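Here the structure is laid out as structure tokens; the discussion comes afterwards.
Protein chains: 4
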Amino acid sequence: MLKVGIIGAGRIGKVHGESISKYVKNAEIKSIADAYLNDDTREWAKSKGIHEIYTDYKKILEDPEIDAVLICSSTDTHSPISIEAIRAGKHVFCEKPIDHDLSRIKEVINELGKSKVKYQVGFNRRFDHNFMSVKNAVVAGKIGEPRILKITSRDPEAPSIDYVKVSGGMFLDMTIHDFDMVRYLLDSEVEEVYAAGGVLIDKAIGEAGDIDTAIITLKMKNGTLAVIDNSRQSAYGYDQRAEVFGSLGQVAVANDSTSTAVISNGAGVTGEKPLFFFLERYMRAYALEVTEFIDAIVNNTPTPVNAEDGLQAVLIGVAATKSLYENRPVKISEIKF
Amino acid sequence: MLKVGIIGAGRIGKVHGESISKYVKNAEIKSIADAYLNDDTREWAKSKGIHEIYTDYKKILEDPEIDAVLICSSTDTHSPISIEAIRAGKHVFCEKPIDHDLSRIKEVINELGKSKVKYQVGFNRRFDHNFMSVKNAVVAGKIGEPRILKITSRDPEAPSIDYVKVSGGMFLDMTIHDFDMVRYLLDSEVEEVYAAGGVLIDKAIGEAGDIDTAIITLKMKNGTLAVIDNSRQSAYGYDQRAEVFGSLGQVAVANDSTSTAVISNGAGVTGEKPLFFFLERYMRAYALEVTEFIDAIVNNTPTPVNAEDGLQAVLIGVAATKSLYENRPVKISEIKF
Amino acid sequence: MLKVGIIGAGRIGKVHGESISKYVKNAEIKSIADAYLNDDTREWAKSKGIHEIYTDYKKILEDPEIDAVLICSSTDTHSPISIEAIRAGKHVFCEKPIDHDLSRIKEVINELGKSKVKYQVGFNRRFDHNFMSVKNAVVAGKIGEPRILKITSRDPEAPSIDYVKVSGGMFLDMTIHDFDMVRYLLDSEVEEVYAAGGVLIDKAIGEAGDIDTAIITLKMKNGTLAVIDNSRQSAYGYDQRAEVFGSLGQVAVANDSTSTAVISNGAGVTGEKPLFFFLERYMRAYALEVTEFIDAIVNNTPTPVNAEDGLQAVLIGVAATKSLYENRPVKISEIKF
Amino acid sequence: MLKVGIIGAGRIGKVHGESISKYVKNAEIKSIADAYLNDDTREWAKSKGIHEIYTDYKKILEDPEIDAVLICSSTDTHSPISIEAIRAGKHVFCEKPIDHDLSRIKEVINELGKSKVKYQVGFNRRFDHNFMSVKNAVVAGKIGEPRILKITSRDPEAPSIDYVKVSGGMFLDMTIHDFDMVRYLLDSEVEEVYAAGGVLIDKAIGEAGDIDTAIITLKMKNGTLAVIDNSRQSAYGYDQRAEVFGSLGQVAVANDSTSTAVISNGAGVTGEKPLFFFLERYMRAYALEVTEFIDAIVNNTPTPVNAEDGLQAVLIGVAATKSLYENRPVKISEIKF
């Protein structure tokens, strides 16, 4: 029975905690730490049978019984806590992104080089049943050689302006998932990126130095073309689709909804909206990613999403941001760190 | 160039006239006859280059240049004019039903036995692209041996009470198309029919001696089961679907609409309603059925829907009506005429 | 914390056990009993932390700490164990059907009249997200007054001939779920039933005295018509659909599949098959039904599916069986017990 | 009755001829001219009742009875014949593109400035029922302010290498339709274009100096972003889709197919492929565009697609080509002519 500590018991920390207690046979949550502990979190922990509740995450790292930690605290703490945890010999599951600063991600990777711990980054969409179906179809050769990948990724509602200011920009905060998806689905690295973006939803987002709408084109090293379209607000909910078009055909996935119910009446033929947001859409994916993290530890196999994957997605995001502001295609090799 | 006369230039007569002038190379409309000729019809005829316009259909039958007639007049005139036309040596396309009275249909068939003219009944749905796809899949063996056929057939709006009174009842007026479709899709005769029906839309329909909603179960001679559900009124328009389920799978067809447009918004994901009614849905089928009628004459091949088909559909309708009122399954062999 | 015993730890007993341990906060499995205990079941129980494992269910009924039992043993034991459990003051969740013999169901209901225990019957489909969407749309008035209900219910593969012989016949074994669904969706009782059936899949089923394919028409007390089509074998998997057509429109639900992936290639545009069978399709429904059972106990509210519901579904099944063999519509009021 | 001459009686010239004879009441084809007249074309003309058949198009322009000409000859002849026809006082319907050379299109526009003839360019997709539905939804405000437009446009099979060499490049030959669609659907001009492309289908296309796969991003003057993805070859047929995403929702259109038939079997749930290519998909659009051209003449109203529209689409194509080869976003205002 692996003993796990959760560092940062906010929304996503609790999601992982629930997943482990429900679905993961060979692990249990021993302790949680949250700098902003509140009664709700204490209550939640008790209901899960977690009795070690700290404000200081170091308590978890110092506990010799702890095998692994889940780093779910604020983004700026991801890389320093990662390094501390690795040094403490704990396996690490770290929420994305590892850091906005590429050199600090590099330090995490360097630290991993000196250690034997497992490290996984929280690119949950790789564990989504729909995107896995796309991947499986591509790998099975059902569409032949990929030529064009299209990803649509739109949030139902924009984050707060306060969050926007510390988010690292839309490409590092939101599109980063899509950048990882491009690498995952095409099994190739990005060579060059061109980003067109604008502020079409809320001027305040622009005033905070960010954009809210974008189209990003990526040229892959293997010649495939990819395109991502993003919006921070979608009237019909979370829109998460992908299509891979290849020499023998295309595989596409649509959104999920609560049921297959369709009402036909004088107004038309109406099905349900997509599931509202990431917690609804990716609940099963969150469960699967932590299950696979624990499995990688137990079986001593590579984690399915490693620190290098975490680095690459940020790297593409940095290049995309540069492209946006310089209004030109940017080669990944231009980004130095 | 075959010369054709149209007897009864109402809505459906004009549809066939348009089809011949647009799509049928080797035929032209020479004359029309309508007992209730009005200015619109005269105008329409002129615009099509038809200059022989009569109130008396006998003028058409007496014209030695006429090769074929389309009988599109009221139902009660179908069988007598059919017999006169056959005797006059004219090929006949007759709208459904040939007659509500089975013995009079028998007379038409007898008359055809003494003649060499072609005779086709207007079961237009056999020429619909969707139902033909179902038929083709079944014939090609794609679903194996058929086990269950389901037909949904619902009109957008009920006919006038005046029409209901002379319609012969819903089964002979509306369901007759579905009865023909059952025989066409399953390539087997009906052995027994059970009809459950009610008045759920408009009491006036009940007072006129008819029903407006029904479920009809049919046992086929080859053992397959079929079920039809009917409604005289559908809030979302004309609902015309079929599914054949067999040992290797199922083939199903849905409705057509004006476009594939789907609008996603806060209310859901909404596609268009089905095409409104038979003129919209079956326009291409109407064109194809008269084209095939003319082709059968020109090539001296059997017509695709013959008088026996016309008889069988009415026979099933009579048995269904008997079943409804006696509330028991009725064998087709019970119906004597 | 309610303490629950499982009587009959076969496939469905284990499903309920898993559900309670994963999803039901205020209940735990204390003991299981299975007349045919094997090592797999012992292992499974241990993995769930269940340490009281019996071959004799009476051990569970005699345990004063047990609050509720789940009766998941063979059908012939449902009603006698129900009565014993009620007398022992245990709340009962009983798999369907309560009994094939109506008078024995009546005895269970009589026993309940003398007791205060909760009793729920395992009509799991009422808890399916798709069928609940249909129910919600109907209750919310979105389709107006219901006129026609259509249910398609087809199993992927026929049961063994040994099972067929003790199943009580297809209507009491398989269609019983659909009969309950008719009552649930239309909120009305059945007045009359007509069943047409045949042996189209496997002669051995016929030799065992049963049928494998059927169409059942039901007239409801409120005038609505319903139709069910059943098959014991479907090449494309479990087919579980329903449509309610009403004065203002229609609500329909389709099957679920593993993902929304669609592959377009030279062969067409291909989506996934439906989920294979009941364990896949109804997993979430099974979890919800036991959750609601426990909630009904804790909150002292009526169970969502009671013994009367269990009686009615069998009653319709008995009438349908009579209809099939007498080849005539049978009124529910004809069935005496 | 307008008298029309067809210049260039190849595939598309005959399509327009058929449309006029079938659907356009107030026009007739009086003459055709084709520099490469063959027996098939002569036969076709006779079957349509066209008796004036020339190899020299000047014969048509010199005929004082001719009101309008359809220029369907090779692309290099479009602008010179346009100018001659305008000078001869004939209304002109010209296939796309008017010319690959912007200055020659400018000459056509100048010539039109001195004349009163109507001029329409053959952007047939504006008349497609699906794209019109998108346009109508946008104009009706159903999706609010547009933010992102996505167009997928893929041909089923690549043209011959001989054709590729004289095509003007994929952007002027194929994407030109999509550029026009962007302007049509968004009702705004393009400000800047960025094109990423590659040779992923056939090296010979690359050797002929062209590409076969592309993603083109467009920034509109009103701030909306648009993206087009193109492929010269699609294993599942002609893929012609569009989505407009806006502040209140999204409207999307899918492909059409021959029927709605869906076959469910052990391999999945399979619908039909899209209609094969432009002649199948756009047949109704071709009929509508010439009908509207004739209507514009008869009613003396503006044509729905004018020479300026023809110029803009080529302009975007030239900018896209420049972007591709210089690998940078190109402003439309950079293109001088």
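Protein chains in written order, with our numbering: chain W, 42 to 378; chain X, 42 to 378; chain Y, 42 to 378; chain H, 42 to 378. Yeah, the Cβ is synthetic: ideal placement off N, Cα and C, and Gly gets one too. Being a predicted model, the structure only gives us computed values, none of them experimental.
Three-state secondary structure assigned by DSSP to residue i
i                : result
Glu313 (chain Y) : coil
Gly210 (chain W) : coil
Asp253 (chain Y) : coil
Phe220 (chain X) : helix
Glu367 (chain W) : helix
Met324 (chain W) : helix
Tyr225 (chain H) : helix
Tyr279 (chain X) : coil
Ile124 (chain W) : helix
His132 (chain X) : strand
Under 7 Å by beta carbon: chain W residues contacting residue i
i                : result
Lys260 (chain H) : Ala237
CA-to-CA distance, residue j to residue i, given in whole angstroms
i                : j                : result
Trp85 (chain X)  : His92 (chain X)  : 11 Å
Thr193 (chain W) : Ile269 (chain W) : 6 Å
Asp243 (chain Y) : Asn341 (chain Y) : 47 Å
Asn306 (chain X) : Ile184 (chain H) : 8 Å
Gly195 (chain W) : Gly210 (chain W) : Correcting the residue identity first, residue 195 (chain W) is Arg in this sequence and not Gly. Rounded to whole angstroms, Arg195 (chain W) to Gly210 (chain W) spans 15 Å at the Cα level.
Val339 (chain Y) : Ser201 (chain W) : 41 Å
Thr116 (chain X) : Ser208 (chain X) : 8 Å
Asn347 (chain X) : Arg188 (chain Y) : 35 Å
Tyr98 (chain W)  : Val240 (chain W) : 38 Å
Leu329 (chain Y) : Thr301 (chain W) : 18 Å
Tyr422 (chain H) : Thr96 (chain H)  : Only positions 42 to 378 of chain H appear in this structure, which leaves residue 422 (chain H) out of reach.
Ser156 (chain W) : Ala126 (chain W) : 11 Å
Ala267 (chain H) : Tyr366 (chain H) : 20 Å
Ser275 (chain W) : Asp169 (chain W) : 21 Å
Asp221 (chain Y) : Arg273 (chain X) : 28 Å
Ile217 (chain W) : Gly182 (chain W) : 27 Å
Val359 (chain W) : His141 (chain H) : 39 Å
Proximal residues of chain H, C-beta to C-beta of residue i below 7 Å
i                : result
Asn306 (chain W) : The contacting residues do not exist; Asn306 (chain W) stays about 17 Å from chain H at best.
Arg83 (chain W)  : Those within 7 Å of Arg83 (chain W) in chain H number zero; the least Cβ separation is about 41 Å.
Under 8 Å from the C-beta of residue i: neighbouring residues of chain H
i                : result
Tyr64 (chain W)  : Within 8 Å Cβ-Cβ: nothing; Tyr64 (chain W) doesn't reach chain H, min ~29 Å.
Arg369 (chain W) : Arg369 and Pro370
Proximal residues of chain W, C-beta to C-beta of residue i below 9 Å
i               : result
His57 (chain Y) : Residues of chain W passing the Cβ test: none, with the nearest at roughly 16 Å.
Cross-chain neighbours of residue i in chain Y, by beta carbon under 7 Å
i                : result
Phe286 (chain X) : Ser272
Gly393 (chain W) : Since the first and last residues shown for chain W are 42 and 378, residue 393 (chain W) lies out of range.
Contact list for residue i against chain Y, beta-carbon separation under 9 Å
i                : result
Lys183 (chain W) : Ile304 and Asn306
Gly90 (chain X)  : Within 9 Å Cβ-Cβ: nothing; Gly90 (chain X) doesn't reach chain Y, min ~44 Å.
Under 7 Å by beta carbon: chain X residues contacting residue i
i                : result
Ala276 (chain W) : Asn306 and Gly307
Chain-ordered chain X contacts of residue i [CB-CB under 8 Å]
i                : result
Thr254 (chain Y) : Arg188, Ile189 and Leu266
Gly294 (chain H) : Contrary to the premise, residue 294 (chain H) reads as Val rather than Gly in this sequence. By Cβ distance, chain X contributes Ser300, Thr301, Ala302 and Val303.
Listed by chain order, chain Y residues near residue i by CB distance under 8 Å
i                : result
Gln291 (chain W) : Ile304, Ser305 and Asn306
8 Å Cβ cut-off: residues of chain W touching residue i
i                : result
Thr299 (chain Y) : His170 and Ser174
Chain-ordered neighbours of residue i on chain H, where CB pairs are closer than 9 Å
i                : result
Val339 (chain X) : Result: empty, since nearest Cβ-Cβ is about 16 Å, beyond 9 Å.
Val231 (chain Y) : Within 9 Å Cβ-Cβ: nothing; Val231 (chain Y) doesn't reach chain H, min ~30 Å.
Inset, instruction - Could you name each continuous beta strand (DSSP E) segment of 3 residues or more that falls completely within the segment 47 to 105 of chain H, going from the start of the chain to the end? - result: Qualifying beta strand (DSSP E) stretches, in chain order: 68 to 74 and 93 to 95.
Legend entry - Three CB pairs or more closer than 8 Å across the segment 294 to 312 of chain Y and the segment 270 to 282 of chain Y: Counting Cβ pairs under 8 Å, three or more are found: they touch.
Legend entry - Three-pair Cβ contact test at 8 Å for the segment 243 to 253 of chain Y versus the segment 52 to 65 of chain H: A contact between stretches requires three or more CB pairs, one per stretch, nearer than 8 Å, and the segment 243 to 253 of chain Y fails this requirement with the segment 52 to 65 of chain H.
Legend entry - Three CB pairs or more closer than 8 Å across the segment 230 to 237 of chain W and the segment 255 to 267 of chain W: Cβ pair count under 8 Å is three or more, so yes.
Inset, instruction - Flag this pair as touching only if the segment 306 to 318 of chain Y and the segment 127 to 134 of chain Y have three or more C-beta atom pairs under 8 Å; answer yes or no. - result: The segment 306 to 318 of chain Y vs the segment 127 to 134 of chain Y: no contact.
Legend entry - Sufficient close CB pairs (3 or more, under 8 Å) joining the segment 137 to 152 of chain Y to the segment 166 to 182 of chain Y: Output reads no: the segment 166 to 182 of chain Y does not touch the segment 137 to 152 of chain Y.
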